[in-house]
Amino acid sequence: MTDGWTYEYSFPIPAPADRIFRALTKDAELEQWFAEHARVEARPGGAFRFWGRHTVGTPDESDAMGSVVDIEPDARLAFDWTMFGVPTRVGITLTPEEIDHGSATRVAVEHTFDRVIDGPRPKELVDDWWRFTLGNLTAHTAGHGQIMRPDFADPSPEVTLSIEIDAPPGKVFRALTEPEALNQWMARDATVDLRVGGTFDLGWQAPDEIEHQGPAMEILELEPNSKLTISWPDWRGDTSVPTQSVTWMLEPDGDGTRVTLVHSGFIRAVDVSDFPFGWAHFMGELKRVAEGL
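If you count the sequence shown from 1, you need to add 1240 to reach the numbering used here.
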């Protein structure tokens, strides 16, 4: 397999290994967080099939021919899966570990491809797919309901979230636009030129594995106490990827504010990556800071 490659990723999930293993191997559970349809026979050589609109490539049932290669209850699962016509093998290992807020299970993925799949940014596609997949697994095993499976048949994918904040729109807008407030929930060293065309810099640094950054964020729309839209360059710094946008819309709701976030401009559904889970976290932090102003 001289043209093959292996993707590796691991993530701690705050749930016991047996709970995660059930979520990985039971049809009914997989259909809640992973795929529209799933059929699993949890034994070596048994079926491990999944298909439908929540599966990348939107395969139908006749295309879903995966099988279990290795299985160790509460510890390991490996299965074969043909992804975009390329034979692949997925290995998932579960290892208990301690984290800051208690116990967790480290879910380590090793996804081996006979060859790189065709199409633009194929390795980024695989990375993004696993990021939202493990995000959904985390949400499912935590039982908090924030499962956000992309619809791979959607030609205009976007992330939409909404939250009620017990503060008037003016305070929420301050939390969104004033550097001191931004630094309390989202930014590291914010700089904001509050005008259309102005810079909106959160002071973030590129991850260690990213060698370059894309262009700075820019304010695209501005309606004080009502709406803010900023540009959102590719997080990997790939300037060939069209710039996305993030909009916060503020609507008075009694003494509080309903805030709706829309992250749009994705060119394929898999590119939503782990943004739904990241934005859910930041929306909670925005609520905390705005209510404290």
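Ideal placement from N, C-alpha and C gives every residue a C-beta, glycine not left out.
Terminal residues of the beta strand (DSSP E) in which Ile1403 lies: First-last of the beta strand (DSSP E) with Ile1403: 1399-1405.
Local Cβ density within 10 Å of Met1523, reported as buried at 16 or more and exposed below that: The residue in question, Met1523, is buried, as its Cβ has 16 or more Cβ neighbours within 10 Å.
Beta-carbon contacts of His1277 that lie in its chain and below 6 Å, excluding the five residues immediately before and after: Correct list, in chain order: Trp1291, Gly1292.
Beta bridge counterpart(s) of Asp1441 as assigned by DSSP: The beta-bridge partner set that DSSP reports for Asp1441 consists of Thr1431.
Within 7 Å, strictly: CB atoms of Ala1282 and Thr1295: At a Cβ-Cβ threshold of 7 Å, Ala1282 and Thr1295 do not count as neighbours.
Residue closest to Gly1477, alpha-carbon to alpha-carbon, out of Pro1408, Glu1463, Thr1381, Arg1361: Minimum Cα distance to Gly1477 is reached at Arg1361.
The ligand NAP heavy atom lying under 6 Å from the CB of Met1388: As far as ligands go, the structure on display features none, and thus does not contain the ligand NAP.
Those residues which DSSP pairs with Met1489 across a bridge: Paired residues: Lys1467, Thr1500.
Three CB pairs or more closer than 8 Å across the segment 1331-1351 and the segment 1420-1430: Judged by Cβ distances under 8 Å, the segment 1331-1351 makes no contact with the segment 1420-1430, as fewer than three pairs qualify.
Where the alpha helix (DSSP H) containing Val1390 begins and where it ends: Checking the sequence, you will find Pro at residue 1390 rather than Val. Where Pro1390 is concerned, there is no enclosing alpha helix (DSSP H), given that its DSSP letter is neither H nor E.
Pro1254 (DSSP reduced to helix, strand or coil): Here Pro1254 sits in coil by DSSP.
Simplified DSSP assignment, three categories, for Thr1335: Reduced to three states, the DSSP call for Thr1335 is strand.
Own chain partners of Thr1246 with C-beta closer than 8 Å, once the 5 adjacent residues on each side are dropped: Answer for Thr1246: Glu1350, His1351, Thr1352, Phe1353, listed in chain order.
Alpha carbon of Phe1440 to alpha carbon of Ser1471, nearest angstrom: Cα to Cα, the separation comes out at about 9 Å.
Enclosing beta strand (DSSP E) for His1380 [first to last residue]: First-last for His1380: 1362-1382, but that is the alpha helix (DSSP H), not the beta strand (DSSP E).
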